[in-house]
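J.:
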Amino acid sequence: MVGQMGFNLAYFRALNQSKWMGKPIELLDTVGSTNTFLKDRLAGGQVQSGAVVFAEHQLAGRGRLGRRWVAPAASSLLVSVLLRPKIPLHHATWLTMIAGLAVSEAVEQVVGISLSLKWPNDLMLQNKVGAWCKTGGILLEAETAGDGLTYAIIGMGLNVNIATQELPQAVTPATSLQAATGRMIERELLLARWLMALERLLEAAELGHSPQPAWNQQLITIGQWVTVSGAVQVEGDAVGTDDFGRLLVRDTTGIIHPIVAGDVTLRASKDNN
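In terms of the working numbering, the sequence shown is residues 40 to 312.
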């Protein structure tokens, strides 16, 4: 069931033990963007919560801030899931948190390695020399109504069976599960475990259980000296996050800045230039 071959939908369905997540699932050979495809489906009619779109190849995959996400065909998890979460609007960032935690849990279960998170939505692995490399990311898009969410679409891209020489060249070094382990990984099992974990964590969040403490523990950003670039540039010690998912950065004067969005560059200390 492994190898650089097409995603086996029947095998995935046999593995997926969730109650409603990933039921139904639509498999596409090629798509512009799985998130955009799901939004177009919504515009054309009703789509049930938990519906999943999986693509073997994306032509216009994107991450945060509209950045392109590129992966060879039949190599990765390129997936979007539609949710109608029963959580208040001010906790919408919980969805990014639980999506990242669910990926980490699935990778641990299926691959046996620890996948960490970088604020706000990057999926990271350490290479053999200890450097952090990006292996995926999460993109949350939502529509609001009053103080709630009409729907949310969680897009997730994860480099799975990509050889080292095929990894994209980027400012942030990239890696894949295959590059990290030296073996091919069952994408069907990985997707099933992600959806099962996502379902459980979402149901807990809907009961008011915050994922923020667990998310905080998974963030490699915490305890690092960071430079945040965005509307305003802030430099300081990343001391934690709050329940809204904002990064808390303490500058050299002791002021703590809650960061809603921005690019984060990590450094071990303020003296490490």
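Glycine included, each C-beta is placed from N, C-alpha and C at the ideal position.
Whole angstroms are fine: how far does the CA of V168 sit from the CA of T189?
T.: The straight-line gap from Cα to Cα measures roughly 45 Å.
J.: With three or more C-beta pairs closer than 8 Å as the rule, is the stretch 224-231 touching the stretch 269-280?
T.: no
J.: Using CA atoms only, rank isn't needed, just tell me which of D161, R80 and L246 is closest to V303.
T.: D161
J.: Can the beta-carbon of G175 be found less than 7 Å from the beta-carbon of L156?
T.: Their beta carbons are not under 7 Å apart, which means G175 does not touch L156 by this criterion.
J.: Just mark N311 as buried or exposed, buried being the case when its beta carbon has 16 or more other beta carbons within 10 Å.
T.: Only weak support exists for where N311 lies, its pLDDT of 48 falling under 50; the value from the coordinates is given anyway. Within 10 angstroms of the beta-carbon of N311 lie fewer than 16 other beta-carbons, which makes it exposed.
J.: When the cut-off is 7 Å and only beta carbons count, does L162 lie next to chain C?
T.: Annotation note: the requested chain C is absent from the structure, which comprises a single protein chain.
J.: Would you identify the three-state DSSP class for M44, choosing helix, strand or coil?
T.: coil
J.: Once DSSP output is grouped into helix, strand and coil, what is the label at E225?
T.: It is coil, neither helix nor strand.
J.: Between Y50 and N166, what straight-line distance do the alpha-carbon atoms span, to the nearest angstrom?
T.: 31 Å
J.: Within this structure, are the beta carbons of G18 and V288 separated by less than 7 Å?
T.: Given a span of 40 to 312 for the chain in the structure shown, any question on residue 18 remains unanswerable.
J.: Residue range of the beta strand (DSSP E) that K157 falls in?
T.: S155 to K157
J.: Taking C-alpha atoms, which residue in A184, T69 and T220 lies nearest to P127?
T.: A184
J.: Would you check if the distance between the CB atom of A90 and the CB atom of L134 is smaller than 7 Å?
T.: no
J.: Determine which residues share a DSSP beta bridge with Q97 and list them.
T.: Per DSSP, the beta-bridge partners of Q97 are V70.
J.: Since I believe L237 is in contact with M60 (beta carbons under 8 Å), could you give me their beta-carbon distance rounded to a whole number of angstroms?
T.: 6 Å
J.: In this structure, how does DSSP classify L206 when only helix, strand and coil are distinguished?
T.: coil
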